[in-house]
Amino acid sequence: MFDLFSDIFTYRDNALTRIDPRVKLLIALAALIAVVTSARPVLPLAVFVLCLGTIAALRIPAKLVALRLAAPFSTVAILVVIQTFVTGTTPLFSLTLGGWTLTAKAEGLRQGLLLGARVLGALSIVLLLGIATPAHRIFQALRGFRISKEWVEIAILMYRYIFVLMDRAGDLAAAQRLRLGYTAPRRALASFTALAGATVVHSFEQAGRTHDAMRLRGYRGTMPFGPLPALGRRDRGLLALLLTVIAAAYGFFAWGITG
Amino acid sequence: MIDDRVKTRTTVTPSKAGARNGLHGGSIPRLPRTAGIAAARNLRNLEIGSRKRALEIFRVEKCPARGGITISKGLAAAAFLCALPSPAFAMHISEGILPISWAVLWYAVALPFVAWGLRDLRRRSEETPWFKPLVGLVGAAVFLISCMPIPVPSAGTCSHPSGTGIAAILIGPGLTTVVASIALTLQALFLAHGGITTLGANIVSMGVAGAWVGWGVFTAARRLGLPWFAAAFLAGMFSDWATYATTSLELAAALHGDGSFTTMFSLILLAFVPTQLPLGILEGFLCAGVLKFIRNRRPELLRTVPAGGAA
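Top line first, the protein sequences correspond to chains A and B.
Per the numbering used here, the first sequence runs over residues 644 to 902.
Per the numbering used here, the second sequence runs over residues 44 to 354.
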């Protein structure tokens, strides 16, 4: 699963990456709530198309987007099938499998499709957020929203050292493969546990070194989080505009309120 | 330390013990017919740039797509979907699946555990100044381990361990909840794995149920006099199964609609059996293997590090 963190694309300069992360987080949250509470599939699907269009305009590799969508979609497919055959009362069609008759119901299918649309819509919002905002700015924005200092601190450390450990573990994995460490199931399991164990041991050792380095740079048990600058006029305007658009679209598409 | 050894051992007389875990040479084994191709592919991997190379190495290359379908009367269609040759991410509930009321409820359940973990972190980092970097680093290691693909032969797919069992043994269940909440946030934002609205539910299944069951089983097994290897195996296995059972419960509770909760719960549970049952056993071996590795190579870490885990 570990192909690329989506935030590798956030270092490109475009209109989305220039927006304040707090604004992006608030808009994403509002859009997520609208999609998840939508009673009809139109709004989630419209959001999905819009987000996918934006992702395409940002020239994000289609393969990566497909990969991100594939896994949750398979889970949703299972749930749609289960819902179709388990919930509802109005029969649509019947299947006989191994002497057992399964009846698909209209309500179940409708509910399953709504669920699928919600997942696509919600997933595309998060995908776009991850593609448009670097991790450290998201953490900064979370701190701005008064998320626990300790939580943000550990998150920053984790994010930083995932890549350090990944490099190290990547070297080990390559060495193991060159020595045919994954040619048989038992051997592969032994190699895998050795790799995982070595990664954990290295993380313990690195923790001491990191702490020493941090102390030399003035760390005294807490990372300093400076105050965030106030939102600019452009960002405030954008926030107000997009929240209004989301609310209007929600009223119009999700519940069919036409005035 | 390990890395240096690996690099130097390429030119030194290899050992059989090393050959068993693939870390270094060993007596030359009988080569399979595809060994040359495998070696060439590995060499190609080594040539790729550092971060990209690591990413490339961990990527699910080609899962053994056997197309085998678990036949179960009522679940033929669901089992077919489950056996599709794609990576299995059954452990995390995808973004948008849970209705808002359930999403809020699971957030409310998860928050006290995260708060308790953070309190524990604050307390212990006052006693030991380097405790925060330690938790961050162990969290990064566990995140990495949880992203390493494991082939699940029975389902014809690759899946990944949850890592909460070993984390709970090393740093304790409270801090594992904190680490899991961060890992799940990162996965949701940058890997589209899990979600923001489903974060609470995923924290409860992985960070709370998985961590506390893993820690509880390990502690209970040790008190009953079981050897540490067996205790770690059971902790890893039950922590994985607890995560999977809780996820199924969360899904069934939210999605059963006007149907029966029990039927929906059993169906979801059964649909993920081909992946999760063997994966739990593999996670047990992983948990025991990691602990064995640390005990053999750096036992002092388990004694001197103030991690507060059960080990």
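For glycine and all other residues, C-beta sits at the position ideal for the given N, C-alpha and C.
These numbers come from a predicted model, not from an experiment.
(message) For R167 (chain B) and A812 (chain A), what's the separation of their Cα atoms in angstroms?
(response) Locating residue 167 (chain B) in the second sequence gives position 124, counting from the first residue. Locating residue 812 (chain A) in the first sequence gives position 169, counting from the first residue. Straight-line Cα distance between these residues: approximately 29 Å.
(message) In the DSSP output, which residue or residues are listed as bridge partners for S737 (chain A)?
(response) Walking along the first sequence from the start, residue 737 (chain A) turns up at place 94. A:T746.
(message) Just checking: is the beta-carbon of L832 (chain A) within a distance shorter than 8 Å of some beta-carbon in chain B?
(response) Taking the first residue of the first sequence as 1, we reach residue 832 (chain A) at position 189. Yes, its Cβ sits closer than 8 Å to a Cβ of chain B.
(request) Starting from the beta carbon of S846 (chain A), find every residue of chain B whose beta carbon is closer than 7 Å, and list them in chain order. (result) On the first sequence, position 203 is the one that residue 846 (chain A) refers to. By Cβ distance, chain B contributes L180, V181, A183 and A184.
(request) Grab me the residues of A254 (chain B)'s own chain with a C-beta within less than 6 Å of its C-beta, minus the 5 sequence neighbours each way, in chain order. (result) Looking up residue 254 (chain B) in the second sequence gives position 211. Around A254 (chain B): T207, A211, P216, T219 and T220.
(message) Please tell me whether I337 (chain B) has its Cβ less than 8 Å away from any Cβ of chain A.
(response) For the purposes of this step, residue 337 (chain B) is identified with residue 294 of the second sequence, where counting begins at 1. By this cut-off, I337 (chain B) is an interface position.
(request) Count the other C-beta atoms from every protein chain shown that fall within 10 angstroms of the C-beta of N245 (chain B), then say buried if there are 16 or more, exposed otherwise. (result) Within the second sequence, residue 245 (chain B) is the residue found at index 202, counting from 1. Answer is buried; the Cβ neighbour count reaches 16.
(request) Indicate whether at least one CB of chain B lies closer than 8 Å to the CB of R711 (chain A). (result) Reading the first sequence from its first residue, position 68 is the one you call residue 711 (chain A). Judged by the 8 Å Cβ criterion, R711 (chain A) is in contact with chain B.
(message) DSSP three-state label for P872 (chain A), please.
(response) By 1-based counting over the first sequence, the position of residue 872 (chain A) is 229. Note: P872 (chain A) maps to coil in three-state DSSP.
(message) Three or more C-beta pairs under 8 Å: does that hold for the segment 221-239 of chain B against the segment 266-280 of chain B?
(response) no
(request) Decide if the segment 650-663 of chain A is in contact with the segment 730-739 of chain A; the criterion is three or more beta carbon pairs, one per stretch, under 8 Å apart. (result) no
(message) Residues of chain B with CB closer than 7 Å to the CB of G764 (chain A), please, in chain order.
(response) One-based indexing of the first sequence puts residue 764 (chain A) at position 121. Here the neighbours are G139.
(request) Return the chain-ordered list of same chain residues with a C-beta closer than 6 Å to the C-beta of T289 (chain B), the five sequence neighbours on each side being excluded. (result) Taking the second sequence and counting its residues from 1, the one referred to as residue 289 (chain B) is at position 246. So the list reads S248 and A252, once near-sequence residues are dropped.
(message) Which residues in chain B have a C-beta closer than 8 Å to the C-beta of I617 (chain A)? List them in chain order.
(response) Beyond the ends of chain A as shown, which are 644 and 902, falls residue 617 (chain A); an answer cannot be given.
(message) Short of 8 Å Cβ to Cβ, which residues in the segment 277-288 of chain B face chain A?
(response) none
(message) Please tell me whether Q783 (chain A) has its Cβ less than 8 Å away from any Cβ of chain B.
(response) Looking up residue 783 (chain A) in the first sequence gives position 140. Answer no: the Cβ-Cβ gap between Q783 (chain A) and chain B never drops below 8 Å.
(message) Suppose contacts are defined by Cβ-Cβ distances below 8 Å. Is A240 (chain B) in contact with A151 (chain B) by that definition?
(response) As a working mapping, residue 240 (chain B) is identified with position 197 in the second sequence. As a working mapping, residue 151 (chain B) is identified with position 108 in the second sequence. In the sequence under discussion, the amino acid at residue 240 (chain B) is Thr, which differs from the Ala named in the question. With contacts defined as CB atoms closer than 8 Å, T240 (chain B) and A151 (chain B) fail to qualify as a contacting pair.
(message) Which residue marks the beginning of the alpha helix (DSSP H) containing C905 (chain A), and which one marks its end?
(response) One cannot answer for residue 905 (chain A) here, as it falls past the ends of chain A, which runs 644 to 902.
(message) Could you check whether V762 (chain A) and E138 (chain B) sit closer than 8 Å to each other, using their CB atoms as the reference points?
(response) Start at 1 with the first residue of the second sequence, and residue 138 (chain B) comes out as number 95. Start at 1 with the first residue of the first sequence, and residue 762 (chain A) comes out as number 119. It is a contact, given that the beta carbons lie within the stated cut-off.
(request) Report the residue from B:L229, B:H236 and B:W149 whose alpha carbon sits nearest the alpha carbon of T718 (chain A). (result) The residue labelled residue 718 (chain A) in the question sits at position 75 within the first sequence. Selected option, being the one with the closest Cα: B:H236.
(request) Identify the contact partners of A231 (chain B) in chain A, using a Cβ-Cβ distance below 7 Å as the criterion. (result) Counted from its first residue, the second sequence places residue 231 (chain B) at position 188. Chain A residues near A231 (chain B): V769.
(message) Using the three-state DSSP reduction, which class does G160 (chain B) fall into: helix, strand or coil?
(response) Here residue 160 (chain B) refers to the residue found at position 117 when the second sequence is read from its first residue. Of the three classes helix, strand and coil, the one that applies to G160 (chain B) here is helix, per DSSP.
(request) Could you tell me if T853 (chain A) is buried or exposed, where buried requires 16 or more neighbouring beta carbons within 10 angstroms of its beta carbon? (result) Within the first sequence, the letter at position 210 stands for residue 853 (chain A). Flag for T853 (chain A) reads buried.
(message) Cutting at 6 Å between CB atoms, please list the residues of its own chain near F281 (chain B), excluding the five before and the five after it.
(response) Position 238 of the second sequence, counted from the first residue, corresponds to residue 281 (chain B). Within the same chain, F281 (chain B) has close Cβ partners V256 and V260.
(message) Using 8 Å as the threshold, is the C-beta distance between F336 (chain B) and G851 (chain A) below it?
(response) Within the second sequence, numbered from 1, the residue matching residue 336 (chain B) stands at position 293. Within the first sequence, numbered from 1, the residue matching residue 851 (chain A) stands at position 208. Pairing F336 (chain B) with G851 (chain A) gives a Cβ-Cβ distance that is not under 8 Å.
(message) Any beta carbon from chain A within less than 8 Å of V333 (chain B)'s own beta carbon?
(response) Your numbering for residue 333 (chain B) matches position 290 in the second sequence. Answer yes: the Cβ-Cβ gap between V333 (chain B) and chain A drops below 8 Å somewhere.
(request) Run through the segment 811-861 of chain A for me and flag every whole alpha helix (DSSP H) of 4 or more residues, listed as ranges in chain order. (result) Listed in chain order, the alpha helix (DSSP H) runs fully inside the segment 811-861 of chain A are 828-859, counting runs of at least 4 residues.
(message) So, with DSSP's three-state summary, where would you put S168 (chain B)?
(response) Translated into the one-based positions of the second sequence, residue 168 (chain B) becomes position 125. In this structure, S168 (chain B) counts as helix in the three-state DSSP scheme.
(request) Kindly indicate which three-state DSSP category R655 (chain A) falls into: helix, strand or coil? (result) Within the first sequence, the letter at position 12 stands for residue 655 (chain A). R655 (chain A): coil per DSSP, three-state reduction.
(request) Find the residues of chain B that neighbour D650 (chain A), judging by a C-beta separation of less than 9 Å, and give them in chain order. (result) Looking up residue 650 (chain A) in the first sequence gives position 7. Those within 9 Å of D650 (chain A) in chain B are L232 and F233.
(message) Contact criterion: CB-CB distance below 8 Å. Does F736 (chain A) meet it with respect to chain E?
(response) Chain labels in this structure do not include chain E; the protein chains are A and B.
(message) So, at 8 Å on beta carbons, what are the nonlocal neighbours of Y802 (chain A) in its own chain, with the 5 sequence-adjacent residues on each side left out?
(response) The sequence position of residue 802 (chain A) within the first sequence is 159, counting from 1. Answer for Y802 (chain A): A778, H779 and F782, listed in chain order.
(request) Please compile the residues from chain B whose C-beta is within a distance smaller than 7 Å of the C-beta of G840 (chain A). (result) Residue mapping note: residue 840 (chain A) aligns to position 197 of the first sequence, counting from 1. Simply G332, V333, F336 and I337.
(message) Quick check: is the beta carbon of P172 (chain B) nearer than 8 Å to any beta carbon in chain A?
(response) For the purposes of this step, residue 172 (chain B) is taken as residue 129 along the second sequence, with counting starting at 1. Closer than 8 Å to some Cβ of chain A, the Cβ of P172 (chain B) qualifies, so yes.
(request) Flag R341 (chain B) as yes if its beta-carbon sits less than 8 Å from any beta-carbon of chain A, otherwise no. (result) As a first step, residue 341 (chain B) is located in the second sequence; it is residue number 298 there, counting from the start. Closer than 8 Å: yes.
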